[in-house]
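> Just so we're aligned: the sequence shown equals residues 1 to 285 in UniProt numbering. Cβ coordinates follow ideal geometry from the N, Cα and C atoms, glycine included.
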Amino acid sequence: GLAGAARDLAIEGADVNAQGGKYGNALQAASYNGNRDVVQLLLDKGADVNTQGGEYGNALQAASYNGNREVVQLLLDKGADVNTQGGKYGNALQAVSSKGNRDVVQLLLDKGADVNAWGGQYGNALQAASYNGNREVIQLLLDKGADVNARGGWHGNALQAALNEGHQEVVQLLLDKGADVNARGIEYGNALQTASYKGNRDIVQLLLDKGADVSAQGGRYGNALQAASYKGNRDVVQLLLDKGADVNTQGGEYGNALQAALNEDEGHQEVVQLLLDKGADVNDA
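(1) If contacts are defined as beta-carbon pairs under 8 Å, then residue 263 and residue 219 qualify, I think. What distance do you get, rounded to the angstrom?
(2) Counting only runs of 4+ residues fully inside the segment 208 to 268, write out the alpha helix (DSSP H) ranges in chain order.
(3) If contacts are defined as beta-carbon pairs under 8 Å, then residue 53 and residue 25 qualify, I think. What distance do you get, rounded to the angstrom?
(4) Quick one, are the C-beta atoms of residue 112 and residue 90 less than 7 Å apart?
(5) Report the three-state DSSP secondary structure of residue 17 (helix, strand or coil).
(6) Express the C-alpha separation of residue 82 and residue 164 in angstroms, rounding to a whole number.
(7) As a quick exercise: from 144, 33, 46 and 101, pick the residue whose alpha carbon is nearest that of residue 17.
(8) Specify, as a first and last residue, the run of the alpha helix (DSSP H) that residue 171 falls within.
(9) Quick one: is residue 198 buried, meaning 16 or more other Cβ sit within 10 Å of its Cβ, or exposed?
(10) Taking one C-beta from the segment 161 to 180 and one from the segment 133 to 149 each time, how about it: are there three or more such pairs within less than 8 Å?
(11) For residue 184, name the three-state secondary structure that DSSP assigns.
(12) Which residues in the same chain as residue 60 place their Cβ atom closer than 6 Å to its Cβ, once the five residues preceding and following it in sequence are excluded?
(13) Specify, as a first and last residue, the run of the alpha helix (DSSP H) that residue 194 falls within.
(14) Mind reading off the beta-carbon distance from residue 252 to residue 221? Whole number of angstroms is fine, and I expect it under 8 Å.
(15) At the level of alpha carbons, what is the spacing between residue 237 and residue 284?
(16) Can residue 226 and residue 260 be called in contact, C-beta distance under 7 Å?
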């Protein structure tokens, strides 16, 4: 098996720290696969526990990503730096938070992982957990001092990450913990625009109840009404209009809501009619 092959290579004098390939080195590969015996063997043969490289940056991040608690514990016992930066997820805590393994998250935090460490594709552990939707992990990170409004990463902040996947309970939790409902995001400008684009009326209502600015500008679609109109989300369009959204506001990729609704090949006829009934300027379309 794998352990036997690794042992044979070690006996034959293979360089256990040789670099290359997807995982950068043998230790990271074994850690990713969760094979404790091979990890132990490589460490016994002199593998550097903190060697950098590969997709996951280091062995600890690779093991953490897959939730291999025994391997994570072994690496930490052998001196793995819990806050080492690098790789796809920036650090081990963000990696495991993106997968939702609470036990490993707890272990890393107990070993001194920085709950607000920045880096990686999600920017921080809280954003990674929010995207994943694991409420227990999110609660744990918040209890350990995670900044609910920390910026960075693909989604800009944790609230936007949760909205992107439609995790309503997580959205509620983050808002209850002080998430800024009008914080700027990346692609969609703000939380309300994200939710409007996704078409979840209940979440849109929740954001509005929490003080989301129905007229906030920014992002790809300029405002929430244009985002909802582009996707043909009639119920959301109606709600936004009822809450005072300006039907003729200019901005965004399509200029205004009516143009956005007309942009699709077949057009969103119900939304177009609704916008016209609400006074959309047909000469701007």
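The answer reads as follows:
(1) That pair is no contact at about 16 Å.
(2) 224 to 231, 234 to 242 and 257 to 263
(3) 6 Å
(4) no
(5) coil
(6) 29 Å
(7) 46
(8) 168 to 176
(9) buried
(10) yes
(11) strand
(12) 75, 80 and 92
(13) 191 to 198
(14) 4 Å
(15) 18 Å
(16) yes
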